[in-house]
Amino acid sequence: MTIVETAFTPWASLAGGVLIGVAAAIMALLLGRVTGISGIAGALLQGSTWRQPGAWGWRLFFVIGLVAAPLLWRLVAPLPPVTMPSNPLVLGAAGLLVGFGTRLGSGCTSGHGVCGLSRLSWRSLAATLTFMAVGALTVFAARHVLG
22 MTIVETAFTP WASLAGGVLI GVAAAIMALL LGRVTGISGI AGALLQGSTW RQPGAWGWRL
82 FFVIGLVAAP LLWRLVAPLP PVTMPSNPLV LGAAGLLVGF GTRLGSGCTS GHGVCGLSRL
142 SWRSLAATLT FMAVGALTVF AARHVLG
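Using our numbering, you'd call the opening residue of the sequence shown number 22 and step up by one each time.
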């Protein structure tokens with residue numbers, strides 16, 4: 022995917038950010054839970070969650086919503102074309118590393134960056150700064166050192 026600066030959509034970006042914030046606030050107010058995608062999906066996939074009454078239903082609907090949202094958006098506006106800019110093995114390895122990192126860091130960017138920072142968590146601040154720094158270093162290395 023190529024990012025074109027002239028195609029930046031500030032209003033759509035603002036709307037997306039507001040929707041994420043509202044969804045996180047609703048989750049915290051109604052369920053008392055942090056909206057961390059890796060934690061929600063991980064608990065859904067664990068067998069013990071299925072034996073707890075009410076523990077899996079909201080997680081299942083949350084994940085269905087994540088999958089359904091872009092499909093519903095297609096009714097309003099076209100989605101950008103999906104391209105595979107890298108080797109599928111590299112993407113698979115990257116996905117495994119992200120999964121390992123979310124377990125190691127006790128959460129993902131949504132859990133720490135959105136929910137943790139809004140709760141003024143020092144641990145989430147450290148995690149988010151680490152995510153951003155490693156991301157910036159990775160882009161620098163991929164574009165200027167290796168590429």
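Even glycine gets a Cβ: it sits at the ideal position worked out from N, Cα and C.
Within the stretch 78-155, the complete alpha helix (DSSP H) runs of at least 4 residues fall at 78-94 and 109-125. C-alpha of residue 154 to C-alpha of residue 52: approximately 32 Å in a straight line. Here the alpha carbons of residue 43 and residue 127 stand approximately 23 Å from one another. Secondary structure in the stretch 38-73: the alpha helix (DSSP H) runs of 4 residues or longer, each lying completely within the stretch, are 58-66 and 68-71 in chain order. Residue burial annotation: residue 148 is buried, with at least 16 other C-beta atoms found within 10 angstroms of its C-beta.
In this structure, DSSP gives residue 159 a helical state, which the three-state scheme calls helix.
Each of 84, 73, 74 and 75 was checked against the Cα of residue 61, and the nearest Cα belongs to 84.
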